[in-house]
Amino acid sequence: MSQSISVSHPTGILRGSIKLPASKSEANRALIIAALSGAETELQNLSEANDTQLLQRLLKSDSGVIDAEDAGTVMRFLTAYYAITGQEKTLTGTERMCLRPISVLVEALRELGATIDYLGEEGFPPLKISGFKGSGKKQLSVRSDISSQYISALLMVAPLLPDVLELHLEGKIGSRPYIEMTLSLMRHFGVAAEFIENTITVLPQTYKPATFSVESDWSAASYWYSFVALAKDAEVTLLGLKEDSFQGDSAIVGIMDRLGVHTMFTEDGVLLTKKHHEKQVTYDFSDCPDLAQTIVALCAGLGVTLELTGIESLRIKETDRIQALQIEVLAMGTSLEEISPGVFRLEPGIIADKELSFRAYQDHRMAMAFAPIALLHKVEIQEPSVVRKSYPRFWEDLEKVGFEVKYKD
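Structure below.
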């Protein structure tokens with residue numbers, strides 16, 4: 001397996017059409033709902049991302065020990081799925097996964113009647129799930145400022161509960177579009193829910209089999225927006241994206257309109273072209289935290305001053321993404337500092353005219369966020385294989401638009 005990859009572009013001019021991977025966020029929710037329906041459901045354009053392929057395999061597994069590897073949605077969605085369906089499973093993951101908190105979800109499921117024990121440190125995987133006996137509890141209060149995946153996991157299993165569930169979301173709701181995506185998919189499969197202010201109500205219902213085609217991934221699209229913004233000239237078509245998307249990361253359209261990319265929706269997807277960019281941008285990433293790494297790296301490359309909020313959840317992702325960003329932007333003469341609680345400021349500097357090397361921290365989004373800097377300087381990305389988590393063909397797609405990609409041992 002290659003330890004690093006060298007990326008450069010001889011002209012800085014991008015022309016081409018890219019078939020993006022399917023959204024793993026949509027695919028993983030659809031897989032759980034299909035499993036909960038207990039009926040044959042046709043899912044089209046499932047993601048080739050490792051997280052989705054892993055979830056497909058695990059849902060079919062008869063093993064008593066389930067390894068979610070480094071996949072957060074897989075760990076959280078399966079915890080709720082196994083608990084409410086009364087299955088006995090030991091659920092574990094990578095070393096990093098076992099450092100990512102899960103107590104909010106586990107405590108909520110326990111209140112509903114699930115038997116779940118921690119096999120290691122309290123509040124963290126691995127978990128022993130030992131069955132379900134309905135508690136009769138109809139109201140739950142859940143913190144909504146840590147991870148929307150806890151809430152989505154509870155919502156998807158809620159129709160199978162013996163009683164109505166009123167889920168009260170406490171505090172600032174992070175990644176709200178992902179909760180809306182979950183509810184939209186539930187509706188697609190015949191389950192109604194009511195979301196009023198900070199309360200979501202789900203009655204006992206039965207999922208109905210339905211055909212569902214997964215949209216292309218807006219998170220993956222974000223890296224191409226960054227490529228276009230940094231190119232000397234560009235005309236890139238991204239296939240399979242919809243203007244009325246369920247995905248919160250479709251917010252990239254508005255963000256990048258300020259950072260140098262014009263979006264035109266077509267029958268096939270979107271056409272991206274260059275435009276002028278602003279010199280100073282302020283943005284709240286509460287609804288789309290997965291875009292923050294892309295935008296931080298891009299602004300460092302463009303020389304744009306960026307003030308960003310709503311990125312608290314990045315601390316508990318595949319790595320501490322805030323710390324990783326703070327370290328890696330230093331290679332571009334740039335600083336990322338917390339200027340007040342929860343408020344970060346990126347001050348651009350001068351990028352040295354030399355090959356730049358970026359670490360990935362076992363995080364797919366770190367590797368892909370810094371790859372577009374190759375339009376400014378030759379770059380080395382360490383751990384290139386991490387992209388398999390969400391975008392396995394990433395490096396091959398770069399070659400399609402003229403990048404020179406060389407693997408190093």
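Residue numbers (our numbering): 1 to 409. Virtual Cβ for every residue (Gly too), placed ideally from N, Cα, C.
- The beta carbons of Ser216 and Leu43 sit no closer together than 9 Å.
- About 5 Å separates the beta carbon of Ser4 from that of Gln382, a gap short enough to meet the 8 Å contact definition.
- Rounded to the nearest angstrom, the Cβ distance from Trp395 to Val405 is 5 Å, consistent with a contact under 8 Å.
- Relative to the Cα of Phe189, the nearest Cα in the group Glu338, Arg100, Ile32 belongs to Ile32.
- Here Gly174 is buried, its C-beta having at least 16 other C-beta atoms within 10 Å.
- Measuring C-alpha to C-alpha distances from Ala251 to each of Gln139, Leu271, Ser219, Val228 identifies Ser219 as the nearest.
- Rounded to whole angstroms, the separation of the alpha carbons of Val343 and Glu69 is 32 Å.
- A distance of 9 Å or more separates the beta carbons of Gly123 and Gly86.
- Inter-residue distance for Cys98 and Ala221 is about 30 Å (C-alpha atoms, whole angstroms).
- The DSSP assignment places complete beta strand (DSSP E) segments of no fewer than 3 residues inside the segment 248-320 at 259-265, 269-277, 280-284, 305-309, in order along the chain.
- Each of Gly64, Asp145, Ser357 was checked against the Cα of Cys288, and the nearest Cα belongs to Asp145.
- Per DSSP, the continuous beta strand (DSSP E) segment holding Gly16 begins and ends at 13-19.
- Taking all protein chains shown into account, Ala369 has 16 or more neighbouring C-beta atoms within 10 Å of its C-beta and is therefore buried.
- With a minimum length of 4 residues, the unbroken runs of alpha helix (DSSP H) contained wholly in the segment 165-234 fall at 176-188, 218-230.
- Between the segment 272-287 and the segment 309-326 there are three or more inter-stretch CB-CB distances shorter than 8 Å, so the stretches are counted as touching.
- The beta carbon of Ile116 is closer than 8 Å to those of Thr79, Ala83, Val106, Leu109, Arg110, Leu127, Lys128, Ile129, Ser130 in its chain, skipping five residues each way along the sequence.
- Here DSSP, grouped into helix, strand and coil, assigns Ala114 to strand.
- Scanning its chain for C-beta atoms nearer than 8 Å, with the 5 sequence neighbours on each side dropped, one finds around His168 the residues Gln139, Leu140, Ser141, Val142, Asn198, Thr199, in chain order.
- Per the C-alpha coordinates, the member of Leu376, Glu243, Glu48, Ser340 positioned closest to Thr11 is Leu376.
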